[in-house]
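Under the numbering used here, the first residue of the sequence shown is numbered 265, with each subsequent residue one higher.
Even glycine gets a Cβ: it sits at the ideal position worked out from N, Cα and C.
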Amino acid sequence: MDYKPRSRGVSRLYAHLVLTPKYRRRVITQAMLERLKEIVGNLCQKWQCELMEFGGEPDHVHIVFRFFPQIQLSKFVNNLKSVTSRRIREEFSEEVSAVYGGKKVFWTEAYSLDSCGDAPLDVLRRYVQSQKGCVSDSARRSV
265 MDYKPRSRGV SRLYAHLVLT PKYRRRVITQ AMLERLKEIV GNLCQKWQCE
315 LMEFGGEPDH VHIVFRFFPQ IQLSKFVNNL KSVTSRRIRE EFSEEVSAVY
365 GGKKVFWTEA YSLDSCGDAP LDVLRRYVQS QKGCVSDSAR RSV
């Protein structure tokens, strides 16, 4: 991993974020996971971060990203949670309403955010890549 130069210095900062749906319900479908990856990628660009890895299962997602020291991580995470929650509730309203009713929730309030360095980053990336994904929407309906 290379250092990223900026006007006032260079940095090599990575973080691993884990988000879980409210009550750790198994609500995330493969279609949601793919859409979440797209939304998170766009938000990373907006915040001048770089999405390194994204993966998940029906009850959680892993996001590994690179960031600069100027980023206020708590604000970034709160924005990411707000935007993804709103968009998923809008775009997958039937699936989300089946689990949460009319409540305007998707993510739990808590999250896990860890810094990661070069050595464990490769291990972490392999772990995120090994996530099983989610069942397809059609298979989910037949369960």
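Taking 6 Å as the cut-off, does the CB of residue i come closer than this to any heavy atom belonging to the ligand SAM?
i    : result
Y278 : Judged by which ligands are present, the structure shown has none, so any question about the ligand SAM falls away.
What first and last residue would you give for the alpha helix (DSSP H) that runs through residue i?
i    : result
A279 : No alpha helix (DSSP H) holds A279; the beta strand (DSSP E) holding it covers 277-283.
E354 : 337-355
Got a sec, what are the start and stop residues for the beta strand (DSSP E) residue i sits in?
i    : result
I327 : 324-331
F318 : 314-321
Taking 7 Å as the threshold (C-beta atoms), are residue j and residue i in contact?
i    : j    : result
A295 : L377 : no
F340 : S275 : no
V392 : E302 : no
H324 : V282 : yes
Secondary structure at residue i, three-state DSSP: helix, strand or coil?
i    : result
G305 : helix
D266 : coil
V274 : strand
S379 : strand
V407 : In this prediction, V407 has a pLDDT of 46, which is less than 50 and means its spatial position is unreliable; what the coordinates show is noted afterwards. Coil at V407, not helix or strand.
Q393 : helix
If you drop the 5 nearest sequence neighbours on each side, which residues of the same chain put their C-beta closer than 7 Å to that of residue i?
i    : result
H314 : It should be noted that the sequence gives Glu, not His, for residue 314. Within the same chain, E314 has close Cβ partners C308, F329, R330.
F370 : P285, K286, S349, I352, R353, V360
Within a Cβ cutoff of 6 Å, which residues of the same chain sit near residue i, ignoring the five residues on either side of it in sequence?
i    : result
P322 : R290, I292, C398
I372 : One point to set straight first is that residue 372 is Thr, not Ile, in the sequence displayed. T284, K286.
L297 : G320, C398
Smallest Cα separation from residue i: which of the options?
i    : options                : result
R390 : W311, A362, H326, R288 : H326
N342 : G365, E358, Y364, W311 : W311
K345 : L300, I335, F356, P384 : L300
By Cβ distance, which residues of its chain are closer than 8 Å to residue i, with the 5 residues on each side in sequence left out?
i    : result
C380 : Y278, A279, H280, V328, L388
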